[in-house]
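Enquirer: Sharing a structure, written as structure tokens. Questions coming.
Protein chains: 2
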Amino acid sequence: MSEKPLVANKIFLIVIDGGSDRPVNGTTPLASAFKPNLDALAGSGINGIMDTVGVGVRPGSDVAHLALLGYDPYKYYTGRGPLEAAGVDIDLKRGDIAFRVDFATVENGVVKDRRAGRIQDTDDLARAIQEKVKVPGVDIIFRRSTGHRAALVLRGKGLSPDISDTDPHRAGLPIGECRATAKSPGATHTAAIVNSIEKQIMEVLNDQPLNAERKKKGLLPANAILLRGAGDVPELPDFHKKYGMRGAVVASVGLIVGIGKLCGMDYHAVGGLSEKLSGTTAAEKIQRSIDELSTHDFVLLNIKGADEAGHDGDFDRKTKFLTDMDEAFKDIGDLRDVLLIVTCDHSTPVLVGRHTADPVPILMHGIGVRIDKVGGFNELIAYEGGLHRIKGLDVMPISLDLLDKEKKFGA
Amino acid sequence: MSEKPLVANKIFLIVIDGGSDRPVNGTTPLASAFKPNLDALAGSGINGIMDTVGVGVRPGSDVAHLALLGYDPYKYYTGRGPLEAAGVDIDLKRGDIAFRVDFATVENGVVKDRRAGRIQDTDDLARAIQEKVKVPGVDIIFRRSTGHRAALVLRGKGLSPDISDTDPHRAGLPIGECRATAKSPGATHTAAIVNSIEKQIMEVLNDQPLNAERKKKGLLPANAILLRGAGDVPELPDFHKKYGMRGAVVASVGLIVGIGKLCGMDYHAVGGLSEKLSGTTAAEKIQRSIDELSTHDFVLLNIKGADEAGHDGDFDRKTKFLTDMDEAFKDIGDLRDVLLIVTCDHSTPVLVGRHTADPVPILMHGIGVRIDKVGGFNELIAYEGGLHRIKGLDVMPISLDLLDKEKKFGA
Numbered sequence: 001m002s003e004k005p006l007v008a009n010k011i012f013l014i015v016i017d018g019g020s021d022r023p024v025n026g027t028t029p030l031a032s033a034f035k036p037n038l039d040a041l042a043g044s045g046i047n048g049i050m051d052t053v054g055v056g057v058r059p060g061s062d063v064a065h066l067a068l069l070g071y072d073p074y075k076y077y078t079g080r081g082p083l084e085a086a087g088v089d090i091d092l093k094r095g096d097i098a099f100r101v102d103f104a105t106v107e108n109g110v111v112k113d114r115r116a117g118r119i120q121d122t123d124d125l126a127r128a129i130q131e132k133v134k135v136p137g138v139d140i141i142f143r144r145s146t147g148h149r150a151a152l153v154l155r156g157k158g159l160s161p162d163i164s165d166t167d168p169h170r171a172g173l174p175i176g177e178c179r180a181t182a183k184s185p186g187a188t189h190t191a192a193i194v195n196s197i198e199k200q201i202m203e204v205l206n207d208q209p210l211n212a213e214r215k216k217k218g219l220l221p222a223n224a225i226l227l228r229g230a231g232d233v234p235e236l237p238d239f240h241k242k243y244g245m246r247g248a249v250v251a252s253v254g255l256i257v258g259i260g261k262l263c264g265m266d267y268h269a270v271g272g273l274s275e276k277l278s279g280t281t282a283a284e285k286i287q288r289s290i291d292e293l294s295t296h297d298f299v300l301l302n303i304k305g306a307d308e309a310g311h312d313g314d315f316d317r318k319t320k321f322l323t324d325m326d327e328a329f330k331d332i333g334d335l336r337d338v339l340l341i342v343t344c345d346h347s348t349p350v351l352v353g354r355h356t357a358d359p360v361p362i363l364m365h366g367i368g369v370r371i372d373k374v375g376g377f378n379e380l381i382a383y384e385g386g387l388h389r390i391k392g393l394d395v396m397p398i399s400l401d402l403l404d405k406e407k408k409f410g411a
Numbered sequence: 001m002s003e004k005p006l007v008a009n010k011i012f013l014i015v016i017d018g019g020s021d022r023p024v025n026g027t028t029p030l031a032s033a034f035k036p037n038l039d040a041l042a043g044s045g046i047n048g049i050m051d052t053v054g055v056g057v058r059p060g061s062d063v064a065h066l067a068l069l070g071y072d073p074y075k076y077y078t079g080r081g082p083l084e085a086a087g088v089d090i091d092l093k094r095g096d097i098a099f100r101v102d103f104a105t106v107e108n109g110v111v112k113d114r115r116a117g118r119i120q121d122t123d124d125l126a127r128a129i130q131e132k133v134k135v136p137g138v139d140i141i142f143r144r145s146t147g148h149r150a151a152l153v154l155r156g157k158g159l160s161p162d163i164s165d166t167d168p169h170r171a172g173l174p175i176g177e178c179r180a181t182a183k184s185p186g187a188t189h190t191a192a193i194v195n196s197i198e199k200q201i202m203e204v205l206n207d208q209p210l211n212a213e214r215k216k217k218g219l220l221p222a223n224a225i226l227l228r229g230a231g232d233v234p235e236l237p238d239f240h241k242k243y244g245m246r247g248a249v250v251a252s253v254g255l256i257v258g259i260g261k262l263c264g265m266d267y268h269a270v271g272g273l274s275e276k277l278s279g280t281t282a283a284e285k286i287q288r289s290i291d292e293l294s295t296h297d298f299v300l301l302n303i304k305g306a307d308e309a310g311h312d313g314d315f316d317r318k319t320k321f322l323t324d325m326d327e328a329f330k331d332i333g334d335l336r337d338v339l340l341i342v343t344c345d346h347s348t349p350v351l352v353g354r355h356t357a358d359p360v361p362i363l364m365h366g367i368g369v370r371i372d373k374v375g376g377f378n379e380l381i382a383y384e385g386g387l388h389r390i391k392g393l394d395v396m397p398i399s400l401d402l403l404d405k406e407k408k409f410g411a
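Residue numbers (our numbering), protein chains in the order written: chain V, 1 to 411; chain C, 1 to 411.
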């Protein structure tokens, strides 16, 4: 008889972003990839399929990660803007309205390129916007993110997130005028502010030497910004208070970092947010996560790369990414006292090119886990596993229970 | 790189009414039937079991079909009457109260036969009732359906569906007096109207030459009607608006046609509503459905026959029906761009003789479906499939996702 319960005491949750797929000629990238290490973890763990948000619900990465962390997205999700803003280290306050921003190229009011020729170095542009754009009574926080991306936050009284995007969501359409989407003075007021900011930003960007240089080089200028995903700050209960576990997030994607930070998790950058991912960096991130596990009880690791290949419809690249990534999973099954969870946030099938609701595979590995007969990690066999078909919101309760941290209902 | 998502763009939903069962000596009609075509579809598709309405909930065909089409029966179902009435082409208006009607034989106020000797040709009787029965301030619409069945609709101000059936639901009991089941002036008013109509109809029917003839031939006269399932018109959102898909329903059962029509689906009769079904007519209906698929995005096909055999407790007849039906499933797996779904609306076990809540088997077949290891279509093996255990309301979201028509939650 053991005096002390024999259970894991830390959780390592690894999310292979968009790794799940639909079959092409009977197989999928996860099923085709050579990944002996990940398959061995499945073979010595329990497996299942999971609807991260709901059966038939297509999740964005944001709502899927919220659910995996135990935050019901139907209750807490307020839009992507604030999550992105938190991810570029803007310290959000209650009442702030945050937006996702893309630098874009606009000609005669029509969007020519929604990514301004995939511009990379936007430091000067962001600085100029931050310095020069003013609206009386409203604080404006503008910060660049990776590539053509940025975040904008409005801080002031009586602001509302009930406004339309200025992003027309497709090239060839006019840049949108921001309109109130609810009948409230706050929404009308906020829409007017956004329209003023859009106009000022176009003037500021037109004067930027970088854009003159880009034109000379035959590159598209970043002469406008497109706003979308307006939201107020979600009130996410603190992760540590909620679970009694100190959490850290490891990710190279601002969105995931932002979710972690808004939950009160710690974050250390891995190679900078603009880093392009590869098998090598998956290994680096796993190593960083293992380091974080020495000082934290919970680590969320997001591995990006498969998702992009899925969006691009590239089966071979997605398979290669997963194959390359596998080396990083060597030996992590030996981590002492760690409940290891490997899953995906959603499917991004190469046949579809966007997120779908197809359930994702999930494996759990560690002390106390009932080992099932599933011998590999992929969406074509995971359904045969001992977890059956669970939901994203089930992951934390199951994990806390395995760690002997779940409270009893009844007596 | 795929330009266009490679997904199915039409849905063919085939419901084998009451086809599911409980085991008798270890097997079921679906498991015993020789049905190589249907089994091959299961073998090259994904399978599961389904609670059409809820775990342990015994569904009528009506609520089960509503759920399969994505209409929550707990929200939308108002009774069987209006669905039957819509199925015999009565154009229902908001505020109408509709009833299921059976022609019956009554002696000294006691129901002798609830189906009037399974009378078939009720044209004259229905016409006489429509012409002669009058209630001031209320429009009465009476229309025959198949066999001994008919539908009655009351149209007027202040009517209520909160009234009792006049059908005692068993022979040997007195015909019921209609009573208000809620304390409302409308219910009392409507009950009084129904009792007046019942009385008038008995007088009209007593004078009908057809009944005199039947008595001469030793047949039971249709000298009364039994009313049940009173309901007001359900407000079903339009199927096309809801899903962006043009729907058609193919069925020889008024109830299912009525559901389709109330959802705004198109309908073409298959051999007349009174047609008796057999393997041959299943083939005809599948052919009709395939024709409808050329001009519609969604076709609901209901195949009746197994259900009756289940109600009659006839294992061999149910098995034979399913065997005979199978030929019709040949080649439908080759339909281009079609997501094929085969399921049942409920179990009608031969050991029980009525609908039960035992989950039904479901298979999905088409582009993008994850093929599982299940090799046949029956309720004893379907649980091993990749869908696991879903609900009727899950069918449309899963299908729309497979067709790339589901919207994303989050970003």
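Even glycine gets a Cβ: it sits at the ideal position worked out from N, Cα and C. Here the structure is a predicted model, which is why all the values come from computation and not from measurement.
#1: Tell me which residues share the same chain as I11 of chain C and place their Cβ nearer than 6 Å to its Cβ, disregarding the 5 neighbours each side in the sequence.
#2: Strictly below 8 Å CB to CB, what residues from chain C border L351 of chain V?
#3: Please name the residue or residues paired with G247 of chain C in a DSSP beta bridge.
#4: Considering only residues of the same chain and omitting the five flanking positions on each side of S278 of chain C, which have a CB-CB separation below 6 Å?
#5: Can you name the residues of chain V whose CB is closer than 8 Å to the CB of L400 of chain C?
#6: Indicate the three-state DSSP secondary structure (helix, strand or coil) for N195 of chain C in the structure shown.
#7: State the Cα-Cα distance for the pair P174 of chain C and G258 of chain C, rounded to the nearest angstrom.
#8: For H388 of chain C, name the three-state secondary structure that DSSP assigns.
#9: So, helix, strand or coil for V342 of chain C, using DSSP?
#10: Show which residues of chain V have a CB atom less than 7 Å away from the CB atom of D394 of chain C.
#11: Using three-state DSSP, classify L363 of chain V as helix, strand or coil.
#12: Please report how far the alpha carbon of T319 of chain C lies from the alpha carbon of L30 of chain C, in whole angstroms.
#13: Nearest-angstrom Cα distance between L13 of chain V and A251 of chain V?
#14: If you reduce the DSSP assignment to three classes, tell me which class M202 of chain V lands in.
#15: Taking DSSP as the reference, what is the three-state secondary structure of Y267 of chain V?
#16: Mind listing, in chain order, the continuous alpha helix (DSSP H) runs of no fewer than 4 residues lying wholly within the segment 91-156 of chain V?
#17: List the residues of chain C that V63 of chain V touches, going by C-beta distances under 7 Å, in chain order.
#18: With a threshold of 8 Å between beta-carbons, can K405 of chain C be considered close to chain V, or not?
#19: Tell me which residues share the same chain as G386 of chain C and place their Cβ nearer than 6 Å to its Cβ, disregarding the 5 neighbours each side in the sequence.
#20: Could you compute how far the alpha carbon of K93 of chain C sits from the alpha carbon of L152 of chain C?
#21: Looking at A67 of chain V: is its Cβ nearer than 8 Å to the Cβ of P397 of chain C?
#22: Using three-state DSSP, classify L236 of chain C as helix, strand or coil.
#23: So if I threshold CB-CB distances at 8 Å, which residues from the segment 287-306 of chain V count as touching chain C?
#24: Name the residues in the segment 355-388 of chain V whose C-beta lies less than 8 Å from a C-beta of chain C; which are they?
#25: Go ahead and label L273 of chain V buried or exposed: buried means 16 or more other beta carbons lie within 10 angstroms of its beta carbon, across all protein chains shown.
#26: Using the beta-carbon count (16 or more within 10 Å), is P36 of chain V buried or exposed?
#27: Go ahead and pull the three-state DSSP assignment for D401 of chain C.
#28: Using CA atoms only, rank isn't needed, just tell me which of C:G231, C:H355, C:A126 and C:V133 is closest to R144 of chain C.
#29: Using only the alpha-carbon positions, how far apart do F34 of chain C and A224 of chain C sit?
#30: Assess, as a yes-or-no matter, whether the segment 164-171 of chain V is touched by the segment 204-221 of chain V under the definition of 3 or more beta carbon pairs within less than 8 Å.
#31: How long is the line joining the alpha carbons of G70 of chain C and V395 of chain C, rounded to whole angstroms?
#32: Could you confirm whether any beta carbon from chain V is found closer than 8 Å to the beta carbon of P397 of chain C?
#33: So I390 of chain C contacts chain V; which residues on that side make the cut at Cβ distance below 7 Å?
#34: Quick one: Cα of G137 of chain C to Cα of I303 of chain C, how far?
#35: DSSP three-state call for L273 of chain V: helix, strand or coil?
#36: Which stretch, first to last residue, makes up the beta strand (DSSP E) that contains F12 of chain V?
Expert: A quick look at the data gives this:
#1: As a first step, residue 11 of chain C must be located in the second sequence, where it is residue number 11. Excluding residues within five positions, the ones whose Cβ falls inside 6 Å are F298, L339 and S399.
#2: Counting from 1 along the first sequence, the entry for residue 351 of chain V is found at position 351. Simply S2, P5, L6, V7, I367 and G368.
#3: For the purposes of this step, residue 247 of chain C is identified with residue 247 of the second sequence, where counting begins at 1. Beta-bridge pairing links G247 of chain C to C:F298.
#4: Position 278 of the second sequence, counted from the first residue, corresponds to residue 278 of chain C. Low confidence applies to S278 of chain C: its pLDDT is 35, below 50, so where it sits in the model is not reliable, and the reading given next is rough at best. Same-chain partners within the cutoff: there are none.
#5: Within the second sequence, the letter at position 400 stands for residue 400 of chain C. Chain V residues near L400 of chain C: G56.
#6: For the purposes of this step, residue 195 of chain C is taken as the residue at position 195 of the second sequence. In the structure shown, N195 of chain C sits in a helix (DSSP, three-state: H, G or I).
#7: Within the second sequence, the letter at position 174 stands for residue 174 of chain C. Within the second sequence, the letter at position 258 stands for residue 258 of chain C. Rounded to the nearest angstrom, the two C-alpha atoms are 30 Å apart.
#8: Sequence index remark: in the second sequence, residue 388 of chain C carries index 388 (1-based). Residue state, collapsed to three classes: strand.
#9: Start at 1 with the first residue of the second sequence, and residue 342 of chain C comes out as number 342. Annotated three-state conformation of V342 of chain C is strand, per DSSP.
#10: One-based indexing of the second sequence puts residue 394 of chain C at position 394. Those within 7 Å of D394 of chain C in chain V are V55 and G56.
#11: Here the question's residue 363 of chain V lines up with position 363 in the first sequence. L363 of chain V: strand per DSSP, three-state reduction.
#12: In the second sequence, residue 319 of chain C corresponds to position 319, counting from 1. In the second sequence, residue 30 of chain C corresponds to position 30, counting from 1. Distance between the alpha carbons of T319 of chain C and L30 of chain C: 7 Å.
#13: For this step, residue 13 of chain V is matched to residue 13 along the first sequence. For this step, residue 251 of chain V is matched to residue 251 along the first sequence. Near 12 Å, if we compare the C-alpha coordinates of A251 of chain V and L13 of chain V.
#14: Here residue 202 of chain V refers to the residue found at position 202 of the first sequence. DSSP, read as helix, strand or coil, puts M202 of chain V in helix.
#15: Walking along the first sequence from the start, residue 267 of chain V turns up at place 267. In the structure shown, Y267 of chain V falls within a strand segment according to DSSP collapsed to helix, strand and coil.
#16: The DSSP assignment places complete alpha helix (DSSP H) segments of no fewer than 4 residues inside the segment 91-156 of chain V at 123-132, in order along the chain.
#17: Here residue 63 of chain V corresponds to residue number 63 of the first sequence, with the count starting at 1. F409 and G410, listed in chain order.
#18: Numbered from 1 along the second sequence, position 405 holds the residue referred to as residue 405 of chain C. Using beta-carbon distances, K405 of chain C does not count as an interface residue toward chain V, since no partner is under 8 Å.
#19: Reading the second sequence from its first residue, position 386 is the one you call residue 386 of chain C. Short of 6 Å from the beta carbon of G386 of chain C, and not among the five residues preceding or following it, lie these beta carbons of its own chain, in chain order: I46, R370 and D372.
#20: Counting from one through the second sequence, the residue named residue 93 of chain C turns up at place 93. Counting from one through the second sequence, the residue named residue 152 of chain C turns up at place 152. If I take the Cα positions, the gap works out to 13 Å.
#21: By 1-based counting over the first sequence, the position of residue 67 of chain V is 67. By 1-based counting over the second sequence, the position of residue 397 of chain C is 397. No, the Cβ-Cβ distance between A67 of chain V and P397 of chain C is not below 8 Å.
#22: The count along the second sequence starts at 1 and reaches residue 236 of chain C at position 236. L236 of chain C: coil per DSSP, three-state reduction.
#23: none
#24: Taking 8 Å as the Cβ-Cβ cut-off against chain C, the residues of the segment 355-388 of chain V that qualify are H355, T356, A357, D358, E379, L380, Y383, E384 and H388.
#25: On the first sequence, residue 273 of chain V is found 273 positions in, with the first residue counted as 1. Because L273 of chain V carries a pLDDT of 45, less than 50, the predicted location of this residue cannot be relied on, and the following value inherits that uncertainty. That one is buried.
#26: Residue 36 of chain V sits at position 36 when you count from the first residue of the first sequence. With fewer than 16 Cβ atoms within 10 Å of its Cβ, P36 of chain V is classed as exposed.
#27: In the second sequence, residue 401 of chain C corresponds to position 401, counting from 1. Note: D401 of chain C maps to helix in three-state DSSP.
#28: In the second sequence, residue 144 of chain C corresponds to position 144, counting from 1. Of C:G231, C:H355, C:A126 and C:V133, the residue nearest in Cα terms is C:A126.
#29: For the purposes of this step, residue 34 of chain C is taken as residue 34 along the second sequence, with counting starting at 1. For the purposes of this step, residue 224 of chain C is taken as residue 224 along the second sequence, with counting starting at 1. In this structure, the straight-line span from the alpha carbon of F34 of chain C to that of A224 of chain C is close to 44 Å.
#30: Touching, no, given that fewer than three Cβ pairs across the two stretches are closer than 8 Å.
#31: One-based indexing of the second sequence puts residue 70 of chain C at position 70. One-based indexing of the second sequence puts residue 395 of chain C at position 395. If I take the Cα positions, the gap works out to 7 Å.
#32: In the second sequence, counting from the first residue as 1, residue 397 of chain C sits at position 397. At least one chain V Cβ lies under 8 Å of P397 of chain C.
#33: Walking along the second sequence from the start, residue 390 of chain C turns up at place 390. Within chain V, the residues near I390 of chain C are V55.
#34: The residue you call residue 137 of chain C lines up with position 137 of the second sequence. The residue you call residue 303 of chain C lines up with position 303 of the second sequence. If you take the alpha carbons of G137 of chain C and I303 of chain C, they lie about 41 Å apart.
#35: To locate residue 273 of chain V, count along the first sequence from 1; it is residue 273. Note that L273 of chain V has pLDDT 45, beneath the 50 cutoff, so the model's placement of it is unreliable and no number is given.
#36: The count along the first sequence starts at 1 and reaches residue 12 of chain V at position 12. For F12 of chain V, the enclosing beta strand (DSSP E) begins and ends at K10 to I16.
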